[in-house]
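Listed in order, the protein sequences are those of chains A and B. Note that full-length UniProt numbering has the first sequence beginning at 1, numbered continuously upward. Note that full-length UniProt numbering has the second sequence beginning at 1, numbered continuously upward.
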Amino acid sequence: MAAAAQSGLGAEELALLEKSLGLQKGNKYGVQGERKTPVLQTNNGPSLIGFITIAAHLVKQAKKEQLLGSTAEEKAVVQQWLEYRVTRVDGCSSKEDTRIILKDLNTYLEDKVYLAGNSFTLADILMYYGLHPIMADLTVQEKEKYLNVSRWFNHIQHYPEAGHMCLIVNFSLKFCDLFKSCRMDLDFSANMYNRIRYSF
Amino acid sequence: MAVAGTLYTYPENWRAFKALIAAQYSGAKIKVLSSPPHFHFGQTNKTPEFLKKFPVGKVPAFEGDDGFCVFESNAIAYYVSNDELRGATKETAAEIVQWVNFADSDIVPPASTWVFPTLGIMHYNKQATEFAKEEVKRVLGILDSHLKTQTFLVGERISLADITVVCTLLWLYKQVLEPAFRQPYVNVNRWFVTCLNQPQFKAVLGDVKLCEKMAQFDAKKFAENQPKKDTPKKEKPAKEEKKQEKKEEKKPAPEEELDECDQALAAEPKSKDPFAHLPKSPFVMDEFKRKYSNEDTLTVALPHFWEHFDKEGWSIWYAEYRFPEELTQTFMSCNLITGMFQRLDKLRKNAFASVILFGTNNDSSISGVWVFRGQELAFPLSPDWQVDYESYTWRKLDSDSEECKILVKEYFMWEGDFKHVGKSFNQGKIFK
């Protein structure tokens, strides 16, 4: 478990994604460089480097290509949000960064149920993972303030593809009782829990 | 095991869409019969075989390949659904039924009242439409606050609740909810558009174009629809078929339309203009009424009346209460008059009357002068109007005659000899 935690958040998330997508055999992830970029060594080919690259590969492996978007536009929007996730959400280091992300997302989600198009995609999954620590840290008032994000977050966490291992943050009704209905399973939840606690 | 069967309906029936979308989710196999020769709306559903299976004779109606028959669109949609659409727990199932019923009881009536006139299948009534708009706002407000924190109506997945409410709102969004009107309901809009864009909805509804400009009453289409009244939609059967069936078609059609419009008509009973068949008349009743109400009767209103009265388009009648011996207290007699006026409310646009109570308690009579659109008594035109008129004798006056001039003058002015009455003026009532 300690080894997994050290391998970086990206690798941990990929393992979660893999499991949620229903892929049976666990891949082994390595990290590379100072930024701990995840690396996947495939059995019969080159190693895949980078969070988004590996995530997209897993989706294809699971034969759930619809998660990458169905039309050309949708695919582009999925990519856009994956990029946003890696550059903005992961790079967010201050309260102010968080505020901007939540504000932008809240406006964006005012008239949308999903981040890309009209269905659930990889963009929703990975943004959900990425926002999990941020959302878990919000006060009830803040959750009400970013109502559209809260509603979206609550909706996404009910998809099996979003991973049942995550803490289920209960946003229904009054967005209170945070952590009340959390489900902790296996090593992942412990890791996630640490991540949530120590991410700020 | 997936359900399979046949759905009888008329084309583009939003009630049938509910079942068809549900079937897209559940994988139920539904064959749709909506047009001749297999299904002729207004006829097939009145045949004895059909009525044996579906006693109400309404569509949509569903007949399973195994012989199971069910009518009422919500029941059909429920039957062809899967467990996820129906709600997995008792609580979610109850919430789903709640929204399905809400759609029928709170959305259908105002939606019909507002939208049907714009499709030319019902007469326009300004008051009713304005009331319906307010109702629609109320309903959208309720949905909007619910969908603020909820992605879908019940739980986190699309259910029969979403399917039903979306289909019920469909005509509103297509016809009248222009951007400015729907703009405050962001949460409803988001949910509605997301549902429409689900592949299962798209397969049934196609690309739905949301209203850009609020549709208004389509008088022309309404007039066109009146004689044939075939189906509420444009769908026309083959021409030759039409000719030979014209006679029979006329009869069942109004009932059929009632199916579709029932709720709307309940809100606005018999809104069809009973004088629509008459040619236009140059005499503007409202103009006269304004003069009568606001200006001197003798010097302005009466000259205006005689100057503009159109004896082709209008007629003048003398009415006398048949049972004066039954009149006791004068206040009761007055109530008799005003009660009649109230029951004739819908006639106001096309009539004017001055009815006078003469005499005193236990010795009185009622008579009046009436002006109607057309050359016949207007009362038989609507069942609402038939309550009182048979208690009166009606005599059509020759508008050129001296007698008529005197009666009109005396009754409109509530002054004069009233020679034919033989009792003194007690009080008058004006129907305008």
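Note that the Cβ used here is the ideal one computed from N, Cα and C, for glycine as well.
For residue i, list the residues DSSP reports as bridge partners.
| i | result |
| --- | --- |
| lysine 31 of chain B | B:Thr6 |
| leucine 48 of chain A | A:Leu40 |
| glutamate 320 of chain B | B:Ser367, B:Thr393 |
| cysteine 195 of chain B | Answer is none; cysteine 195 of chain B lacks a bridge partner. |
| lysine 429 of chain B | B:Val355 |
| threonine 360 of chain B | B:Asp363 |
| serine 315 of chain B | B:Phe372 |
| residue 255 of chain A | Since the first and last residues shown for chain A are 1 and 200, residue 255 of chain A lies out of range. |
| tyrosine 29 of chain A | A:Leu40 |
| glutamate 63 of chain B | B:Thr6, B:Cys69 |
Let me check understanding here. Comparing Cα to Cα, which of the options lies closest to residue i?
| i | options | result |
| --- | --- | --- |
| valine 100 of chain B | B:Ser34, B:Ser112, B:Val115, B:Ile76 | B:Ile76 |
| lysine 19 of chain A | A:Ile125, A:His132, A:Leu131, A:Gly130 | A:Ile125 |
| phenylalanine 412 of chain B | B:Ile163, B:Asp296, B:Gly422 | B:Asp296 |
| residue 437 of chain B | B:Leu298, B:Phe116, B:Phe102, B:Ile158 | The requested residue 437 of chain B does not occur in the structure, where chain B is confined to residues 1 to 432. |
| glutamine 43 of chain B | B:Glu63, B:Val32, B:Ala28, B:Tyr8 | B:Tyr8 |
| threonine 194 of chain B | A:Met127, A:Gln79, A:Tyr146, A:Gly117 | A:Gly117 |
| lysine 52 of chain B | B:Phe41, B:Ala111, B:Gly67 | B:Gly67 |
| residue 258 of chain A | A:Gly50, A:Thr42, A:Tyr128, A:Lys64 | An answer regarding residue 258 of chain A cannot be provided, because it is not within the stretch 1 to 200 covered by chain A. |
| tyrosine 29 of chain A | A:Gly22, A:Pro38, A:Asp90, A:Leu21 | A:Pro38 |
| lysine 429 of chain B | B:Gln342, B:Ala215, B:Cys404, B:Gln375 | B:Gln342 |
| lysine 29 of chain B | B:Phe62, B:Pro37, B:Asn45 | B:Phe62 |
| leucine 153 of chain B | B:Gln216, B:Ala103, B:Asn125, B:Glu134 | B:Ala103 |
| valine 284 of chain B | B:Asp144, B:Ser399, B:Trp14, B:Phe352 | B:Phe352 |
| leucine 14 of chain A | A:Pro46, A:Val59, A:Asn44, A:Asn43 | A:Val59 |
| tyrosine 78 of chain B | B:Met122, B:Ala2, B:Glu325 | B:Ala2 |
| phenylalanine 399 of chain B | B:Met332, B:Thr360, B:Tyr318 | Looking at the sequence provided, one finds serine at residue 399 of chain B rather than phenylalanine. For the residues B:Met332, B:Thr360, B:Tyr318, the minimum Cα distance to serine 399 of chain B belongs to B:Tyr318. |
| phenylalanine 288 of chain B | B:Val300, B:His277, B:Pro279, B:Ala215 | B:Val300 |
| alanine 16 of chain B | B:Arg348, B:Leu170, B:Arg86, B:Cys404 | B:Leu170 |
| residue 443 of chain B | B:Ile366, B:Asn294, B:Ile96 | Absent from the model: residue 443 of chain B. The displayed extent of chain B is 1 to 432, so no value can be given. |
With a Cβ-Cβ cutoff of 8 Å, do residue i and residue j count as a contact?
| i | j | result |
| --- | --- | --- |
| valine 371 of chain B | tryptophan 306 of chain B | no |
| phenylalanine 275 of chain B | arginine 373 of chain B | yes |
| leucine 48 of chain A | leucine 122 of chain A | no |
| serine 364 of chain B | threonine 330 of chain B | yes |
| phenylalanine 120 of chain A | tyrosine 159 of chain A | yes |
| lysine 423 of chain B | phenylalanine 358 of chain B | yes |
| cysteine 167 of chain B | lysine 18 of chain B | yes |
| glycine 27 of chain B | glycine 64 of chain B | no |
| aspartate 218 of chain B | glycine 120 of chain B | yes |
| leucine 147 of chain B | valine 188 of chain B | yes |
| valine 136 of chain B | proline 110 of chain B | yes |
| leucine 407 of chain B | leucine 397 of chain B | yes |
| tyrosine 10 of chain B | phenylalanine 54 of chain B | no |
| threonine 92 of chain B | glycine 155 of chain B | yes |
| alanine 11 of chain A | valine 31 of chain A | yes |
Is it right to say residue i is buried, meaning 16 or more other beta carbons lie within 10 angstroms of its own, or is it exposed?
| i | result |
| --- | --- |
| glutamate 240 of chain B | Unreliable placement is indicated for glutamate 240 of chain B, whose pLDDT of 40 sits below 50; the coordinate value is still reported in the next sentence. Exposed: under 16 other Cβ atoms inside 10 Å. |
| glutamine 141 of chain A | exposed |
| glutamate 49 of chain B | exposed |
| valine 355 of chain B | buried |
| glycine 206 of chain B | exposed |
| glycine 57 of chain B | buried |
| aspartate 83 of chain B | exposed |
| aspartate 162 of chain B | buried |
| methionine 192 of chain A | Unreliable placement is indicated for methionine 192 of chain A, whose pLDDT of 45 sits below 50; no coordinate value is reported for it. |
| glycine 130 of chain A | buried |
| tryptophan 81 of chain A | buried |
| proline 133 of chain A | buried |
| histidine 38 of chain B | exposed |
| threonine 129 of chain B | buried |
| valine 176 of chain B | buried |
| histidine 420 of chain B | exposed |
| histidine 155 of chain A | buried |
| alanine 76 of chain A | exposed |
| proline 60 of chain B | buried |
| tryptophan 191 of chain B | buried |
| lysine 174 of chain A | Confidence is the limiting factor: at lysine 174 of chain A the pLDDT is only 37, short of 50, which leaves the residue's position unreliable, though a coordinate-based value still follows. Exposed. |
| lysine 143 of chain A | buried |
| threonine 149 of chain B | buried |
Taking 8 Å as the CB-CB limit, is residue i close to chain E?
| i | result |
| --- | --- |
| aspartate 218 of chain B | Of the protein chains in the structure, A and B, none is chain E. |
Exercise for review: Taking only beta carbons into account, state which residues of the region 143 to 156 of chain B come closer than 9 Å to chain A, listed in chain order.
Suggested key: Leu147, Lys148, Thr149, Gln150, Thr151, Phe152, Gly155, Glu156
Point to revise | Members of the UniProt domain "GST C-terminal" (57 to 188) of chain A that neighbour chain B once the beta carbon cut-off is set at 7 Å | key: Glu110, Asp111, Lys112, Val113, Asn118, Leu147, Arg151, His155, His158
Exercise for review: With 9 Å as the limit, tell me which residues of the region 169 to 188 of chain B have their beta carbon closer than that to any beta carbon of chain A; keep them in chain order.
Suggested key: Val186, Asn187
**Study point:** Members of the region 185 to 216 of chain B that neighbour chain A once the beta carbon cut-off is set at 9 Å
**Key:** Val186, Asn187, Asn189, Arg190, Trp191, Val193, Thr194, Cys195, Leu196, Asn197, Gln198, Pro199
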